[in-house]
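Q: First the structure, which I've put down as structure tokens, then a few questions once you've had a look.
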Amino acid sequence: MALPPVILLHAFPVDARLWEDVAHQLREQGLDPIVPDLRGFGTNRAELPSRPDLDVLADDVAELIAETGAGSAVVAGVSMGGYVAMNLARRYPERVAGLVFVDTKAGADPAPGAQGRLDFADRVETEGSAWVADAMMPKLISDSTVTGHPDVEARVRQQIADCPPATIAWIQRAMAARPDSFDVLDEFAGPILVIVGSEDVLSPPSDAVAMAEAARQATLIEIPDAGHLTPLENPVVVTLAMSEWLTDEFGGETQS
Numbered sequence: 075m076a077l078p079p080v081i082l083l084h085a086f087p088v089d090a091r092l093w094e095d096v097a098h099q100l101r102e103q104g105l106d107p108i109v110p111d112l113r114g115f116g117t118n119r120a121e122l123p124s125r126p127d128l129d130v131l132a133d134d135v136a137e138l139i140a141e142t143g144a145g146s147a148v149v150a151g152v153s154m155g156g157y158v159a160m161n162l163a164r165r166y167p168e169r170v171a172g173l174v175f176v177d178t179k180a181g182a183d184p185a186p187g188a189q190g191r192l193d194f195a196d197r198v199e200t201e202g203s204a205w206v207a208d209a210m211m212p213k214l215i216s217d218s219t220v221t222g223h224p225d226v227e228a229r230v231r232q233q234i235a236d237c238p239p240a241t242i243a244w245i246q247r248a249m250a251a252r253p254d255s256f257d258v259l260d261e262f263a264g265p266i267l268v269i270v271g272s273e274d275v276l277s278p279p280s281d282a283v284a285m286a287e288a289a290r291q292a293t294l295i296e297i298p299d300a301g302h303l304t305p306l307e308n309p310v311v312v313t314l315a316m317s318e319w320l321t322d323e324f325g326g327e328t329q330s
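All you need for our numbering is the position in the sequence shown, starting with 1, plus 74.
Structural data, given as structure tokens:
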């Protein structure tokens, strides 16, 4: 059986560079993952519509899958990328062969959390985004990463600095409005892999357990010494987890 295309979706407020170490290692194994910058991030300067909605990004990914000619793809998403993947599976289930959720959650934000996102967006529009990295960094990467891999913090800070303030504000408002997606996990017929950093404080292991339990068929893997951005913090273990799961669930060679 041929392996469907594999698409790797990044987190907020970083970009496709979040996946670069994992993507490199997957390519060394003969895979060819597609690693896009989502709309408004990195090199993707497609206009964001006036109404913030993660469905916009899900529709973009659906178009990307269609462009591969393969019909469906395995879609992996970190944090916000996971939210987009859930919206994609809700809107276009026929285009999703499998799902990999990394450091994300299926529940909607509680009211205080949603309001916090809206306040965050308002502040960015008023003050700019120079303060964002300092505000978010303690929750994005683990203490183990800060101590053992200080280069990771520098890479994350650079990606945040490169993210346009308008994108930051738009995405925060879109995430605040996202629905509960446990129904998507329950209804999705394909295989699901759930990965979580052992030190993730934004989407802790308990959220990953809840996602795995809600799914029809799911594999749960906890990554040691990692926080909310495991593909950068522990790329070797993330690559191993994904490649073994892809082989177990799909086998074969990648589609051309």
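By construction, the Cβ of each residue, glycine as well, lies at the ideal position given by its N, Cα and C atoms.
Under the rule that 16 or more other beta-carbon atoms within 10 Å means buried, what is Ala185, buried or exposed?
A: As a position in the sequence shown, residue 185 is number 111, starting the count at 1. Ala185 should be labelled exposed.
Q: Short check: CB of Glu287 to CB of Ser216, under 8 Å?
A: For this step, residue 287 is matched to residue 213 along the sequence shown. For this step, residue 216 is matched to residue 142 along the sequence shown. In this structure, Ser216 does not lie closer than 8 Å to Glu287 by Cβ.
Q: Just the C-alpha distance for Thr313 and Leu100, rounded to the nearest angstrom, thanks.
A: Position 239 of the sequence shown holds residue 313. Position 26 of the sequence shown holds residue 100. Between Thr313 and Leu100, the C-alpha separation is close to 7 Å.
Q: Using beta-carbon positions only, say whether Thr241 and Leu83 come within less than 8 Å of one another.
A: In the sequence shown, residue 241 corresponds to position 167, counting from 1. In the sequence shown, residue 83 corresponds to position 9, counting from 1. Against a cut-off of 8 Å, the Cβ pair of Leu83 and Thr241 comes out as no contact.
Q: Does the pairing of the segment 124 to 132 with the segment 242 to 259 give three or more beta-carbon distances under 8 Å?
A: In short, these stretches touch, since the Cβ pair count reaches three.
Q: When you compare only the Cα positions, how much space is there between Arg191 and Tyr166?
A: Numbered from 1 along the sequence shown, position 117 holds the residue referred to as residue 191. Numbered from 1 along the sequence shown, position 92 holds the residue referred to as residue 166. Straight-line Cα distance between these residues: approximately 27 Å.
Q: Extract the residue ranges of the alpha helix (DSSP H) inside the segment 173 to 261, only unbroken runs of 4 or more that lie entirely within it.
A: 185 to 201, 206 to 214, 217 to 222, 224 to 236, 239 to 250, 256 to 261
Q: Helix, strand or coil, according to DSSP, for Glu273 in the structure here?
A: Residue mapping note: residue 273 aligns to position 199 of the sequence shown, counting from 1. Looking at Glu273 - three-state DSSP - the assignment turns out to be coil, as it is neither helix nor strand.
Q: With C-beta atoms as the reference, is Ser272 less than 8 Å away from Thr178?
A: On the sequence shown, position 198 is the one that residue 272 refers to. On the sequence shown, position 104 is the one that residue 178 refers to. It is not a contact, given that the beta carbons lie outside the stated cut-off.
Q: Whose C-alpha, out of Gly143, Met160, Gln103, is nearest the C-alpha of Leu259?
A: Translated into positions along the sequence shown, residue 259 becomes position 185. Cα-wise, what sits closest to Leu259 is Met160.
Q: Our contact map puts Ala180 next to Val170 with C-beta atoms below 8 Å; I'd like the distance itself, whole angstroms only.
A: On the sequence shown, position 106 is the one that residue 180 refers to. On the sequence shown, position 96 is the one that residue 170 refers to. At roughly 15 Å, the Cβ-Cβ gap does not stay under 8 Å, so Ala180 and Val170 are not in contact.
Q: Using a Cβ-Cβ cutoff of less than 6 Å, which residues in the same chain neighbour Ile295 once the five nearest sequence positions on both sides are dropped?
A: In the sequence shown, counting from the first residue as 1, residue 295 sits at position 221. Cβ within range, chain order: Ile269, Ala315.
Q: Asp95 and Cys237 - do their beta-carbons sit closer together than 8 Å?
A: Your numbering for residue 237 matches position 163 in the sequence shown. Your numbering for residue 95 matches position 21 in the sequence shown. Not closer than 8 Å, so no.
Q: Relative to the C-alpha of Asp208, which residue among Asp193, Asp225, Ala235 is closest?
A: Within the sequence shown, the letter at position 134 stands for residue 208. Of the listed residues, the one whose Cα sits closest to Asp208 is Ala235.
Q: Measuring CB to CB, does Val80 end up less than 8 Å from Val148?
A: Indexing the sequence shown from 1 puts residue 80 at position 6. Indexing the sequence shown from 1 puts residue 148 at position 74. Yes, the Cβ-Cβ distance between Val80 and Val148 is below 8 Å.
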